[in-house]
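Heads up, the sequence shown is in the numbering used here, so the first residue is 23 and it goes up one at a time.
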Amino acid sequence: MSEIVTERSGSVLSIQFNRPEKKNALTMSMYDTVAELINAAAKDDGIRAVLLSGAGDSFSAGNDLGDFLKNPPKGYDSPQGRFIDALNSFDKPLIAAVHGAAIGSGATMLTYCDFVYASEHTTFQMPFVNLALVPELGTSYSLPAQIGYIAAAELILLGLPFDARRAAELGFVTRIVPEPSLLDTAFETARRFAVGAVK
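Written out as structure tokens, the structure is:
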């Protein structure tokens, strides 16, 4: 079974992390695959919006630490580097449907999204300090730019988990959505952009 599942519906490309047994922890090959998909979508005039989601009970638990230790990033031209470049340069709407665990890069990638819908039971965490790691994916810049330095310092420097309600208060997510309608809500936003872009 593929670790990344895609589906195209009209002008919307859906990209799903598909390692539910590992809470969609991301391997280097997954970073590479998603980067390639996003770069291809950027060049495809038929794709007007991209939707990110996770299979099973979580969005993403961040890096697969076993894979990360076997394949540590080496320089900027790494799978993670290509992933952040793809997110940063993508000039079409990027929407995320987030539920369950959104940890590490599963949380930090959201700062590159235009819309983030979270279920009421989502738990976010940026545990880099706890792991003696530098915040990844440019988070030390992107998070303060989005929610302000003071709020970002609390999330990054303390590394404590926070829930969807706190995320909404900080402006880290667009809206909290009941989980049964999470994907439909996110897809409807993507579809509206797709339709609107044609006019």
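A virtual CB, placed ideally from N, CA and C, is assigned to each residue, including glycine.
DSSP bridge partner residues for residue i (one or two, in chain order)
i, result
"G76", "F39"
"S33", "The partner list for S33 (beta bridge, DSSP) is empty, contrary to what the question assumes."
"Q147", "I125"
"D185", "T145"
"T28", "I37"
"V138", "A118"
"A190", "Note: A190 sits in no beta bridge, so no partner."
"L91", "L91 is not bridged to any residue."
Cα-Cα separation between residue i and residue j, rounded to whole angstroms
i, j, result
"N40", "A77", "5 Å"
"R30", "F209", "11 Å"
"Y163", "S203", "32 Å"
"V224", "E191", "Because residue 224 is not part of the residues shown, which for the chain are 23 to 221, the question remains open."
"I125", "L182", "11 Å"
"D136", "S51", "25 Å"
"I198", "I117", "14 Å"
"E201", "N46", "18 Å"
"A174", "G193", "11 Å"
"V72", "A123", "21 Å"
"S60", "L180", "Contrary to the premise, residue 60 reads as Ile rather than Ser in this sequence. If I take the Cα positions, the gap works out to 32 Å."
"R230", "I69", "This structure does not reach residue 230, given that the chain is present from 23 up to 221, and the question cannot be answered."
"S75", "A63", "16 Å"
With 16 other Cβ atoms within 10 Å as the buried cut-off, status of residue i
i, result
"K221", "Here K221 scores only 40 on pLDDT, less than 50, and its place in the model should not be relied on; the value that follows carries that caveat. K221 is exposed by the Cβ-count criterion."
"N85", "buried"
"G88", "exposed"
"H143", "exposed"
"N110", "exposed"
"S127", "buried"
"P157", "buried"
"E43", "exposed"
"I172", "exposed"
"R187", "exposed"
"P94", "exposed"
"L132", "buried"
"S141", "buried"
"L159", "buried"
"K92", "exposed"
Where residue i sits in the DSSP three-state scheme
i, result
"N223", "Absent from the structure is residue 223, since the part of the chain shown begins at 23 and ends at 221."
"T161", "helix"
"L116", "strand"
"T196", "coil"
"L205", "helix"
"L177", "helix"
"V220", "Because V220 carries a pLDDT of 46, less than 50, the predicted location of this residue cannot be relied on, and no value is offered for it."
"L132", "helix"
"L48", "strand"
Practice prompt. Please determine if the stretch 55-65 and the stretch 80-92 are in contact, where contact requires at least 3 C-beta pairs separated by less than 8 Å.
Written response: With the cut-off at 8 Å, the stretch 55-65 and the stretch 80-92 do not touch.
Discussion item. With three or more C-beta pairs closer than 8 Å as the rule, is the stretch 88-107 touching the stretch 141-157?
Written reply: Result no; under three Cβ-Cβ pairs closer than 8 Å.
Item to complete: Spell out a yes or no on whether the stretch 30-40 and the stretch 165-173 are touching, meaning 3 or more CB-CB pairs, one atom from each, closer than 8 Å.
Response: With the cut-off at 8 Å, the stretch 30-40 and the stretch 165-173 do not touch.
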